[in-house]
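Novice:
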């Protein structure tokens, strides 16, 4: 599954190199707002399939578009 997240900003923003960590936190926060127990289980244990555990998030590089007011 792919998800597209857009963050409109009004001024320049500096992103840290490890932005994936922060994006993961935002996603877990959204999950926590809808189902606290499920979000906690995913964060602590991940997804279990038989004896394996999987963490759910893989990130590609961000694509940043810059536009200036006309």
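Residue numbers (the numbering used here): 1 to 70. Even glycine gets a Cβ: it sits at the ideal position worked out from N, Cα and C.
Just to confirm my understanding: we take residue 32, look at its own chain, exclude 5 residues before and 5 after, and list those with CB closer than 6 Å. What are they?
Specialist: In the chain shown, residue 32 corresponds to position 32, counting from 1. Excluding sequence neighbours, residue 32 sits near 39.
Novice: If you check the beta carbons only, do residue 59 and residue 18 fall under 7 Å apart?
Specialist: Counting from one through the chain shown, the residue named residue 59 turns up at place 59. Counting from one through the chain shown, the residue named residue 18 turns up at place 18. No, Cβ-Cβ distance for residue 59 and residue 18 is not below 7 Å.
Novice: Considering only residues of the stretch 10-57, which uninterrupted alpha helix (DSSP H) runs meet the minimum length of 4 residues and lie entirely inside it, listed in chain order?
Specialist: As far as the stretch 10-57 is concerned, its whole alpha helix (DSSP H) runs of at least 4 residues are 19-34 and 36-45.
Novice: Which same chain residues, not among the five before or five after residue 41, have their C-beta less than 8 Å away from its C-beta?
Specialist: Working through the chain shown from its first residue, we reach residue 41 at position 41. Excluding residues within five positions, none has a Cβ falling inside 8 Å.
Novice: How many angstroms separate the CA atom of residue 44 from the CA atom of residue 26?
Specialist: To locate residue 44, count along the chain shown from 1; it is residue 44. To locate residue 26, count along the chain shown from 1; it is residue 26. Spanning the two alpha carbons is a distance of roughly 16 Å.
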